[in-house]
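There are 2 protein chains.
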Amino acid sequence: SARRAMAAWARAVRGLLLDISGVLYDSGGDGGVPIAGSVEAVRRIKASGLKLQFCTNETQETREKFVKKLQGMGFDISVAEVTAPAPAACRILKEHGLRPHLLVHDDLVPEFAEIDKANPNCVVIGDAAENFTYANLNEAFRILIEMEKPVLISLGRGRYYKETDGLKLDVGAYMKALEYACDVQAEVVGKPAKTFFESALAELGVPAQQAIMIGDDIVNDVGGAQRCGMRALQVRTGKYRPSDENHPHVKPDAYVNNLAEAVDILLQQL
Amino acid sequence: SARRAMAAWARAVRGLLLDISGVLYDSGGDGGVPIAGSVEAVRRIKASGLKLQFCTNETQETREKFVKKLQGMGFDISVAEVTAPAPAACRILKEHGLRPHLLVHDDLVPEFAEIDKANPNCVVIGDAAENFTYANLNEAFRILIEMEKPVLISLGRGRYYKETDGLKLDVGAYMKALEYACDVQAEVVGKPAKTFFESALAELGVPAQQAIMIGDDIVNDVGGAQRCGMRALQVRTGKYRPSDENHPHVKPDAYVNNLAEAVDILLQQL
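Going line by line, the protein sequences match chains A and B.
Quick note on the numbering used here: the first sequence kicks off at 1 and runs consecutively.
Quick note on the numbering used here: the second sequence kicks off at 1001 and runs consecutively.
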């Protein structure tokens, strides 16, 4: 059981990184619905004195809009508590003097408001959804192929995700299309990139050995966090599938039925 | 020079496989234009008694329509002389009892008229151009991911091509997107697949050792043909780029400025 698996180390935990989609709530066309027990679980973490940071690959809207939606569901969450790919990408763009051509969702564009986008010398791709048109993909491709050394930055590398009306191709599939056409390897910003988890840990203020990641994605959440020296739990909510428990490379430190169960076990050890 | 490079073996050539786009003509929105000297070069090959077969990855229209367009430019060419991916795919579909979901150009659909497409158990992807919409890609993806063992057949694996209004992503890029999302490897029908060159050689009626391939694509034409035991020339027309001459893996048996020069040299040796 999760309780037994966590007994040896749960007492040492000082901080939590929480994935959002599939852990706090299930997304969908109507904004989504909270997962049972998660609103209360976040409140209990905060009351306990454990440190907390949210760590998401969400790129369909700005953090402001995203956080407002979650607050509307009852979650105690603020923009400063959310580590997301777009702000991380902005830091990289500024550091390297990169001017992006954006192939992203319309609602994400404001995250790049302060970035110079004239005469682009790189392409940033996010989960552009309806913006993944034939014309927009050709345009991003032409900008890349005309560079002496194409620079492609991808906000995540997910294969697909589930919405209320079915499965959708995620940014990773389109990233692969551009990588192949331009014979280039994208720099991935977001989970499972090590630097992304390291920023989240820095904002959490707890060393990797004393932090745990809780997520529904066996590769991007669990595998990525473990490669950074963290322990990681997989919840059996969101995109979790029973076949994840036979994953050839990644084994979570424990499985929990949902966030509420993970918090129950952790708080009993304090 | 090409003449010197070909001197040792040109006399042994009994048949030619010719790529079409970039060798006979340059494609474009208005139907395209013949490459200087190519109409006459095809006529001279036929008059010489050398065997001739055309070998193309064209999948934006049926062979009937494609051949009619080329005849309109003055080329002596018939449907039976053209080896193309769609008919080759139809043979595979029939042999394996596969019922395709088609993600192809509207004008290619008639090639699949006699194929059962009810309850699809595979996906066939071609250069769908404007049909590469977000909705169509998600649909093809969902059909694949719901199969116990997804079967994806790709009509070519080109990275991109050039039209009068600029570069366009080719079928290979979209093939890679679906491969990644579904964790599957596509079966490629068309150049550079060995079985495709072998069918073209069978239709040519000449063994590989006595045949040459002439094309503008260093990897799919030249590399593919050489792996089948043929000699291969690259023309400096179509998508040829000077950087092709430093390709890390593929070295043509000779470079020629265009099809007319290749034919001049070959016919002088007879």
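Beta carbons are placed, not taken as given, at the ideal position from N, Cα and C, and that holds for glycine.
Same chain, Cβ closer than 8 Å to residue i, neighbours up to 5 away in sequence not counted
| i | result |
| --- | --- |
| ALA1186/B | ILE1125, LEU1152, ILE1153, SER1154, ARG1157, MET1175, LEU1178 and GLU1179 |
| CYS90/A | GLU111, PHE112, GLU114 and ILE115 |
| ARG1044/B | VAL1263 and LEU1267 |
| ASN1131/B | LEU1103, VAL1104, HIS1105 and ASP1106 |
| LYS1046/B | LEU1052 and ASP1076 |
| GLY229/A | ALA208 and GLN209 |
| ILE1145/B | ALA1181 and CYS1182 |
| LYS1117/B | ARG1099, PRO1100, HIS1101 and LEU1102 |
| LEU137/A | LEU103, TYR174, ALA177 and LEU178 |
| VAL250/A | ILE218, VAL219, VAL222, GLY223 and GLN226 |
Cutoff 7 Å; reference residue i; Cβ partners in own chain excluding five residues on either side
| i | result |
| --- | --- |
| ALA1200/B | LEU1017, GLN1053, CYS1055 and THR1083 |
| LYS65/A | ASP107 |
| ALA1010/B | ILE1265, LEU1266 and GLN1269 |
| LEU93/A | PRO100 and ILE115 |
| PHE75/A | LEU24, VAL39 and VAL42 |
| GLY224/A | LYS191, PRO192 and PHE197 |
| LYS1162/B | LYS1239 |
| LYS168/A | TYR160 and TYR161 |
| ILE1143/B | HIS1101, PRO1120 and VAL1123 |
For residue i, the first and last residue of its enclosing beta strand (DSSP E)
| i | result |
| --- | --- |
| ILE1212/B | 1211 to 1215 |
| TYR1255/B | 1254 to 1256 |
| VAL235/A | 231 to 235 |
| CYS1228/B | Looking at the DSSP string, CYS1228/B is not in any beta strand (DSSP E), and its letter there is neither H nor E. |
| ILE1092/B | Premise fails: ILE1092/B lies in the alpha helix (DSSP H), 1085 to 1095, not in any beta strand (DSSP E). |
| VAL222/A | Segment: none, VAL222/A is in no beta strand (DSSP E) and carries neither H nor E. |
| HIS101/A | 100 to 103 |
| VAL1124/B | 1122 to 1125 |
Close beta carbons around residue i, own chain, < 6 Å, minus the five adjacent residues each side
| i | result |
| --- | --- |
| ALA1140/B | LEU1103 and VAL1123 |
| MET6/A | ALA254 and ILE265 |
| VAL184/A | PRO150 and LEU152 |
| ALA1128/B | LEU1103, VAL1104 and HIS1105 |
| LEU70/A | ILE77 |
| GLY49/A | none |
Assigned exposure category for residue i - 16 Cβ within 10 Å defines buried
| i | result |
| --- | --- |
| GLN1226/B | buried |
| VAL189/A | buried |
| ALA262/A | buried |
| SER1243/B | exposed |
| ASN1220/B | buried |
| ALA36/A | exposed |
| HIS96/A | exposed |
| VAL1033/B | exposed |
| GLY1028/B | exposed |
| ASN246/A | exposed |
| GLY15/A | buried |
| ARG63/A | buried |
| ASP1170/B | buried |
| LYS1068/B | exposed |
| GLY1166/B | exposed |
| GLY205/A | exposed |
| ALA202/A | exposed |
| GLY172/A | buried |
| ALA86/A | buried |
| ARG1231/B | buried |
| ALA8/A | exposed |
| ALA80/A | exposed |
Whole-Å CB distance - residue i paired with residue j, under 8 Å assumed
| i | j | result |
| --- | --- | --- |
| ALA1012/B | VAL1256/B | That belief does not hold up - the Cβ atoms of ALA1012/B and VAL1256/B are roughly 18 Å apart, past 8 Å. |
| GLU61/A | SER21/A | GLU61/A to SER21/A, Cβ: 12 Å. No contact. |
| ASN121/A | MET147/A | 7 Å |
| ILE218/A | VAL235/A | With 8 Å as the limit, ILE218/A and VAL235/A do not qualify as a contact, their Cβ atoms being about 11 Å apart. |
| ASP26/A | GLY238/A | 7 Å |
| ARG1159/B | ALA181/A | 5 Å |
| THR1133/B | TYR134/A | 7 Å |
| PRO1252/B | LEU1233/B | 6 Å |
Span of the alpha helix (DSSP H), counted from its first residue to its last, around residue i
| i | result |
| --- | --- |
| LEU266/A | 259 to 269 |
For a minimum of 4 consecutive residues, which ranges assigned as the alpha helix (DSSP H) are wholly contained in the segment 1140 to 1193 of chain B? List check, alpha helix (DSSP H) in window: 1171 to 1182.
In chain order, each beta strand (DSSP E) run of at least 3 residues that lies wholly inside the segment 1004 to 1063 of chain B: Runs found: 1015 to 1018 and 1051 to 1055.
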